[in-house]
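Each residue of the sequence shown is one higher than the one before, starting from -15 at the first, in the numbering used here. All C-beta atoms, glycine included, are put in the ideal place defined by N, C-alpha and C. On a predicted model such as this, the values are computed, not experimentally measured, just so you know.
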Amino acid sequence: MQQHVRMRILVASDLHYRLPHYDWLVGAAEDVDVVALAGDLADVVSPVPHEVQTVVLRTYLHRLADAGPVFAASGNHDLDGPGTHGEQVAGWLSSSDHEALHLDGTSVDLEDTRFTVCPWWDGPVTRDEVGAQLRAAAVDRPERWVWLYHAPPAGTALCNDGRRTFPDEQLAAWIEELEPDLVFCGHIHQAPWIDGGTWHARMGRTWVFNAGKQIGKVPPHITVDTATATAHWFGVFESETVSLG
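Here it is in structure tokens:
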């Protein structure tokens, strides 16, 4: 019988430069194997200039990576200017100088799990780059494949903020085509708490998660345990565990 490697993955998103949440993550990283951040690390409406935020956040990312592997995808609040194609990119999340810190555009295998970090795309060029990245990462995929992608897919309650939906049709199509095992999203802060809302959804064989954004010293977060095949959501005022079997 094949022995599966146990991995505990701590997932959060939409931290929006809330430094107490980063302080909590630095401590929590000691108790898990992997930290996955699914976009909007920075905050465009903060009084702190974006270029200052990114310096501070890189320091936090390095501190997290000192404890173990970190995967961090960009969201719309992380964009800091146009790339060579003229579409907006998060240049500060495009390259890493820490061996355990994996940023936009990367795919990395840890034991029996492949992590693919997708950048926020701003137009057709960067959208097609993400599609090519995912298809390339699908080749010879290992036991488990995890995506980080900021916006939640169409066809799920994860993209509903209680007033309207913000469906990512392209992500839904990529999930249908490539069938990853787990997708970590964010973007829609209210999704877990609205009437009929949720922090998890199933699309075929794929589990998709959005921990949401909430007040408090501890950010909403999800802990995935591959050995028990469970995902536990801490939602500040409530929590829940689902079986991934």
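If you run the structure through DSSP and keep just helix, strand and coil, what is residue i?
{"i": "L3", "result": "helix"}
{"i": "H34", "result": "helix"}
{"i": "T210", "result": "coil"}
{"i": "H46", "result": "helix"}
{"i": "Q(-14)", "result": "Because Q(-14) carries a pLDDT of 45, less than 50, the predicted location of this residue cannot be relied on, and no value is offered for it."}
{"i": "A84", "result": "coil"}
{"i": "A175", "result": "coil"}
{"i": "V16", "result": "coil"}
{"i": "A26", "result": "coil"}
{"i": "V92", "result": "strand"}
{"i": "V54", "result": "strand"}
{"i": "G59", "result": "coil"}
For residue i, count the other beta carbons within 10 Å of its own beta carbon; 16 or more makes it buried, fewer makes it exposed. Which is it?
{"i": "K197", "result": "buried"}
{"i": "V(-11)", "result": "exposed"}
{"i": "H69", "result": "exposed"}
{"i": "S227", "result": "exposed"}
{"i": "F57", "result": "One point to set straight first is that residue 57 is Ala, not Phe, in the sequence displayed. Classification for A57: buried."}
{"i": "P204", "result": "buried"}
{"i": "A120", "result": "exposed"}
{"i": "F221", "result": "exposed"}
{"i": "A20", "result": "buried"}
Taking the DSSP output, what are the residues bridged to residue i?
{"i": "C169", "result": "N194"}
{"i": "Q72", "result": "P66"}
{"i": "T225", "result": "H216"}
{"i": "M187", "result": "T190"}
{"i": "V(-5)", "result": "A20, I206"}
{"i": "T97", "result": "L94, R128"}
When you compare each of the options to residue i by their alpha carbons, which one comes out closest?
{"i": "F99", "options": "S80, H134, L166", "result": "L166"}
{"i": "V40", "options": "D15, D7, D17", "result": "D7"}
{"i": "Q117", "options": "E127, V92, D96", "result": "V92"}
{"i": "V123", "options": "P164, E35, L155, D145", "result": "P164"}
{"i": "W129", "options": "T97, H173, L(-1)", "result": "T97"}
{"i": "F193", "options": "D24, D209, G180, P176", "result": "P176"}
{"i": "L162", "options": "H173, H171, W131", "result": "W131"}
{"i": "T110", "options": "S80, Q72, L25", "result": "Q72"}
{"i": "D62", "options": "A51, A211, R42, L94", "result": "R42"}
May I ask whether a heavy atom of the ligand GTP can be found less than 7 Å away from the beta carbon of residue i?
{"i": "H82", "result": "In terms of ligand content, the structure shown is empty, and the ligand GTP therefore cannot be addressed."}
Just list the alpha helix (DSSP H) runs in the segment 100 to 173, keeping only unbroken ones of 4 residues or longer that don't cross its boundaries, in chain order.
108 to 121, 153 to 162
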